[in-house]
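Enquirer:
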Ligand SMILES: *Cc1c(COP(=O)(O)O)cnc(C)c1O
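Residue numbers (the working numbering): 3 to 399.
Right, dumping it as structure tokens:
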């Protein structure tokens, strides 16, 4: 596919207008939307309003009059359609790691007779670390690797849909069915799914994910937690903070959980971060997710075709079997990525040898992908990565 064909595809792209809703620096092709989504244009104005008009003018009255107190639930309801959930099924707040702790702990309390937690050792480390911490706190639990494929006696299975390293997509329906058949509950981690593909959480018992990746809610944006309605009356939030209490402002001595999803709110909402998430959702409520997934598969396939066999493909070759990212291996992956970034093509690097490229269909076009691949091939052909300034590792890779 040549550059003119890519220009023609961009001209016909039904999602092309969304690109204008994002701020992208001149000369940058941003392939890191799977790590920190680009800034939506509307976010700065929305945050200015929250700071100046709500905080500045209403002061503490903002909790009542600007909707701050209800935000974990109201913003959760706005996010819910992106994961196939309904109103009253999602709260936003905290971080994905904390939501994992809440979900896994709640599942363990719903299966008190069982002592096995199944977790993917190859998952994004924080998921596995949180499980290890929880098992250590409780004592007497076995943490079993998902790769063993055994769910007998399991209380809960923690499953990430998309592998952060390779972009490989798990067979979520199959693992979920096997977990349920064995009597276990399942927690889905949707960090690399939400905003990249259609999701339907109705078969999950719990689901979590972050909003700063494809959703573009900003650095440190809150996470989401979904609890299936069938568990809402019985599931417990072990992080029983005051905002999950039935009557927080009664200041009672003992914890009494609120009804419904409110019991999963922990404490004071991150009002400024929630404003940025709310602004991003103004875009997402207009986005047809089927078109996002179709374009995502087309962009990743185009990149693979253009790079050809110059680098080893670490992602599945079948676009249906991967998320919205392509991972390539090179023994000198770190300096290669630094040389690319120096030429305006932003990807990232995951040790020991993986170059990661995320494809956010709302602000990336076919021509961008063409130019990114051409720059990568130039860096390799001319060995531009050998410049010694690319050898020194920065703290965040
Ligand atoms: C990005 C990501 C996280 C991030 O967790 P935080 O608590 O937000 O730092 C967790 N799990 C997975 C699978 C991720 O991809």
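C-beta: ideal position from N, C-alpha, C; glycine also. None of the values given here were measured: they were computed from a predicted structure.
#1: Going by other Cβ atoms of all chains shown within 10 Å of its Cβ, with 16 needed for buried, is residue 129 buried or exposed?
#2: Name the DSSP bridge partner or partners of residue 212?
#3: Taking residue 367 and residue 12 to be in contact with their CB atoms under 8 Å, please state how far apart those CB atoms are, rounded to whole angstroms.
#4: Please check the pair residue 304 and residue 223, which I expect to be a contact at CB under 8 Å, by giving their CB distance rounded to whole angstroms.
#5: If contacts are defined as beta-carbon pairs under 8 Å, then residue 16 and residue 293 qualify, I think. What distance do you get, rounded to the angstrom?
#6: Going by alpha carbons, who is nearest to residue 208 out of 143, 191, 72 and 378?
#7: Touching or not, the region 177–189 and the region 260–280, by the rule of three or more beta carbon pairs under 8 Å?
#8: Looking at residue 194 and ligand 1, is the gap between the Cβ and the nearest heavy atom below 7 Å?
#9: Taking 7 Å as the cut-off, is the beta-carbon of residue 98 closer than that to any non-hydrogen atom of ligand 1?
#10: Out of 75, 186 and 345, point me to the one whose CA is closest to residue 91's CA.
#11: May I ask you to report which of helix, strand or coil DSSP gives residue 42?
#12: Excluding the five sequence neighbours on either side, which residues of its own chain have a C-beta within less than 8 Å of the C-beta of residue 40, listed in chain order?
#13: Is the number of C-beta pairs between the region 318–335 and the region 195–202 that are closer than 8 Å three or more?
#14: Say whether the region 158–166 touches the region 102–110, bearing in mind that this needs 3 or more beta-carbon pairs closer than 8 Å, one atom from each stretch.
#15: Need the endpoints of the alpha helix (DSSP H) that residue 135 sits in, please.
#16: Cα-Cα, which of 169, 20 and 227 is closest to residue 352?
#17: Is it true that the region 305–318 meets the region 239–258, where meeting means three or more beta-carbon pairs spaced less than 8 Å apart?
#18: Given a cut-off of 8 Å, decide if residue 266 and residue 227 are closer than it, judged by their beta-carbon atoms.
#19: Excluding sequence positions up to five away, which residues of its chain have a Cβ less than 6 Å from the Cβ of residue 34?
#20: Using CA coordinates, which residue listed in 43, 42 and 70 is at the minimum distance from residue 53?
Expert: Let me lay it out:
#1: buried
#2: 225
#3: 4 Å
#4: Contact doesn't hold; Cβ gap of about 29 Å is too wide.
#5: 6 Å
#6: 191
#7: no
#8: yes
#9: yes
#10: 75
#11: strand
#12: 24, 25, 26, 32, 218, 362 and 365
#13: yes
#14: yes
#15: 127–140
#16: 169
#17: no
#18: yes
#19: 348, 350 and 360
#20: 70
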